[in-house]
Amino acid sequence: MKLFDVYPLFDIEPVKAHGSYVWDKNGVKYLDLYGGHAVISIGHSHPHYVQKLNEQLNAIGFYSNSVKIKMQEELAEKLGELSGYPGYQLFLCNSGAEANENALKLASFHTGKKKVIAFGKSFHGRTSLAVASTDDAKIIAPVNETENVIFLPLNDEFAFEQAMNKDVCAVIVEGIQGFGGIHIPTNSFLQKLQSECEKFGALLILDEIQSGYGRSGKFFAHQYSNVQPDLITVAKGMGNGFPIAGVFIHPDVKAKHGMLGTTFGGSYLACAAGIAVLDVLKNESLIQNASEMGNYLLEELSKLPGITEVRGEGLMVGIELEFPCAQIRSELLFEHKIFTGSSSDKNTLRILPSLTIQKVELDQFLNAFKIVLSKQFVK
Ligand SMILES: Cc1ncc(COP(=O)(O)O)c(C=O)c1O
């Protein structure tokens, strides 16, 4: 059988990884500033994570959500504490799209309404409602088209106020837009979303799937703005590569048996991965490191020529160039052995390293970046 050819692939085969580095099958070492779509939070193959997953697999790997899985409670307890949301409820699932799908469904169940407001350049996943709330017509199949979702420009408070009404069940926004090219909702915009949601009885959903788990220098990017969303979705960095995702649910939203569900979500192995990630984030002060290293990176990048704008918080950084970034990415990868990310904006490069990244590794990137940028001006 052949693979369904949906991905444009680099001709590189990683076979080993550690910390911020991966090695290909020929032994070539690469600096990873992308973490496979922002997934690697505590570094590749962190020894504590590897040990905990191995131990768990030797004990019990899976049973379904028809029995008590105490590790889910341990994960929820630790997550509530580290994130600053100890009073919220946690629903565990497997991927970012699934988390958003469940959050949107829950908002509709809870309010009995069905209109959703999403924003320009958003990405919320590829399943039915998640993709319908994603601002990319190319990935919305005809069956997913719906009049229930409307899109508004990010940070346009006036447009939002005009559009908000009593039929809206959910407003969904990324803590920092990732795939859209690293665009940050302003504090005042997020506060406006919260106050209007309260006024019209809608739920505010913060999609922190890419911007959460410490990447922004706070546990959640929205914590820069003093809002308390009704629902928060997490995935990516949550399992450092093990598929695990979750929805944080405000205490006022009451659960009913059968309302949500999943076969794999919250398995022993997923919980072991999730708990190991939280332990490492806390014990190694990685959120603090993300903040410090992010500030350093943003400051150094702001000194370089050929850059239109540098955007970001912590280790979620977008570099908008004056020209398309494909050639720069390819030179960084093949000549300097550094992985970086693209975005839906062809001029914007995304930098999403592990939260364990150190100055010496960022300097390796900055030096290489200066070289590839300078070549553009010589042409
Ligand atoms: C902000 C955001 N939401 C949702 C998703 C979807 O996550 P998944 O690919 O795990 O379904 C992504 C993935 O890139 C994302 O960046």
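Oh and the sequence shown: position 143 is 456 in the numbering used here, straight run, nothing missing. Backbone N, C-alpha and C fix where the C-beta goes; we use that ideal spot for every residue, glycine too. Quick caveat, the model's predicted, so the values are computed rather than measured.
(1) Run through DSSP, which three-state label would residue 528 get?
(2) Is it buried or exposed for residue 314, if we count other Cβ within 10 angstroms and need 16 for buried?
(3) Measure how close the beta-carbons of residue 402 and residue 562 come, nearest whole angstrom, since I'm counting them as under 8 Å.
(4) Go through its chain and collect everything with a Cβ distance to residue 622's Cβ below 6 Å, but skip five positions before and after it.
(5) Helix, strand or coil, according to DSSP, for residue 676 in the structure here?
(6) Any contact of the region 643-661 with the region 549-557, i.e. 3+ C-beta pairs under 8 Å?
(7) Compare the beta carbon distance of residue 448 and residue 432 with 9 Å and say whether it is the shorter of the two.
(8) Tell me the rounded alpha-carbon separation between residue 686 and residue 680.
(9) State the Cα-Cα distance for the pair residue 391 and residue 595, rounded to the nearest angstrom.
(10) For ligand 1, any of its heavy atoms closer than 8 Å to the Cβ of residue 522?
(11) CB residue 578 to CB residue 354, shorter than 9 Å?
(12) Could you tell me which uninterrupted alpha helix (DSSP H) segments, each at least 4 residues in length, are contained entirely in the region 357-417, listed from first to last along the chain?
(13) Please state the DSSP three-state secondary structure of residue 316.
(14) Is residue 457 close to ligand 1? I mean its beta-carbon at under 8 Å from any heavy atom of the ligand.
(15) For residue 629, report the span of its beta strand (DSSP E) as first-last.
(16) For residue 644, I'd like the list of residues in its chain whose CB is within less than 8 Å of its CB, leaving aside the five on either flank, ordered along the chain.
(17) Residue 629: which of 540, 497, 414 and 620 sits nearest, CA to CA?
(18) Assuming residue 346 contacts residue 614 (C-beta within less than 8 Å), just tell me the rounded distance between them.
(19) In angstroms, rounded to a whole number, what distance separates the CA positions of residue 597 and residue 395?
(20) Following a CB-centred definition, is residue 439 positioned closer than 8 Å to any heavy atom of ligand 1?
(21) Assuming residue 522 and residue 547 are in contact, meaning their beta carbons sit under 8 Å apart, how far apart are those beta carbons, in whole angstroms?
(22) Going by the DSSP bridge assignment, what does residue 432 pair with across the sheet?
(23) Check whether the Cβ of residue 661 lies closer than 8 Å to any heavy atom of ligand 1, and answer yes or no.
(24) Beta carbon of residue 366, beta carbon of residue 558: below 9 Å?
(25) Taking all protein chains shown into account, decide if residue 540 is buried (16 or more other Cβ within 10 angstroms of its Cβ) or exposed.
(26) Under 8 Å: does the beta carbon of residue 527 sit that close to some heavy atom of ligand 1?
(27) Apart from the five residues on each side of it in sequence, which residues of its chain come closer than 6 Å, Cβ to Cβ, to residue 616?
(28) Starting from residue 509 and walking both ways along the alpha helix (DSSP H), at which residues does that stretch end?
(29) What number of angstroms, rounded off, separates the C-alpha of residue 619 from the C-alpha of residue 635?
(30) Does residue 411 pass the burial test, meaning 16 or more other C-beta atoms within 10 Å, or should it be called exposed?
Reading from the atomic positions:
(1) Of the three classes helix, strand and coil, the one that applies to residue 528 here is coil, per DSSP.
(2) Classification for residue 314: exposed.
(3) In this structure, residue 402 and residue 562 form a Cβ contact; the two beta carbons are roughly 4 Å apart against a cut-off of 8 Å.
(4) Taking residue 622 as the centre and dropping the five residues before and after it, the same chain places the C-beta of 633 closer than 6 Å to its C-beta, in chain order.
(5) Here residue 676 sits in helix by DSSP.
(6) Contact between the region 643-661 and the region 549-557 is not established, with fewer than three Cβ pairs separated by less than 8 Å.
(7) Between residue 448 and residue 432, the CB-CB gap stays under 9 Å.
(8) When the Cα atoms are used, residue 686 and residue 680 turn out to be separated by approximately 10 Å.
(9) Straight-line Cα distance between these residues: approximately 10 Å.
(10) Indeed, a heavy atom of ligand 1 lies less than 8 Å from the Cβ.
(11) One thing to note: residue 578 has its Cβ no nearer than 9 Å to the Cβ of residue 354.
(12) Within the region 357-417, the complete alpha helix (DSSP H) runs of at least 4 residues are 360-372 and 383-396.
(13) Reduced to three states, the DSSP call for residue 316 is coil.
(14) Answer for residue 457: no, Cβ out of range of ligand 1.
(15) For residue 629, the enclosing beta strand (DSSP E) stretches over residues 629-634.
(16) The residues 685 and 688, in chain order, have a CB closer than 8 Å to that of residue 644 in the same chain once the five nearest residues on each side in sequence are set aside.
(17) Considering only alpha carbons, the answer is 497.
(18) The C-beta distance from residue 346 to residue 614 rounds to 12 Å, too long to meet the 8 Å contact threshold.
(19) Between residue 597 and residue 395, the C-alpha separation is close to 13 Å.
(20) At least one heavy atom of ligand 1 is nearer than 8 Å to the Cβ of residue 439, so yes.
(21) For residue 522 against residue 547, the beta-carbon gap comes to about 6 Å, under 8 Å, which counts as contact.
(22) Residue 432 pairs with 465.
(23) Not under cutoff, so the answer is no.
(24) No, these two residues do not count as a Cβ contact at 9 Å.
(25) That one is buried.
(26) Checking the 8 Å criterion, the Cβ of residue 527 is out of range of every heavy atom belonging to ligand 1.
(27) Within the same chain, no residue comes within 6 Å of residue 616 by CB-CB distance, once the 5 residues on both sides are set aside.
(28) Run containing residue 509: 500-513, per the alpha helix (DSSP H) assignment.
(29) One C-alpha to the other measures close to 6 Å.
(30) When all chains shown are included, residue 411 counts as buried.
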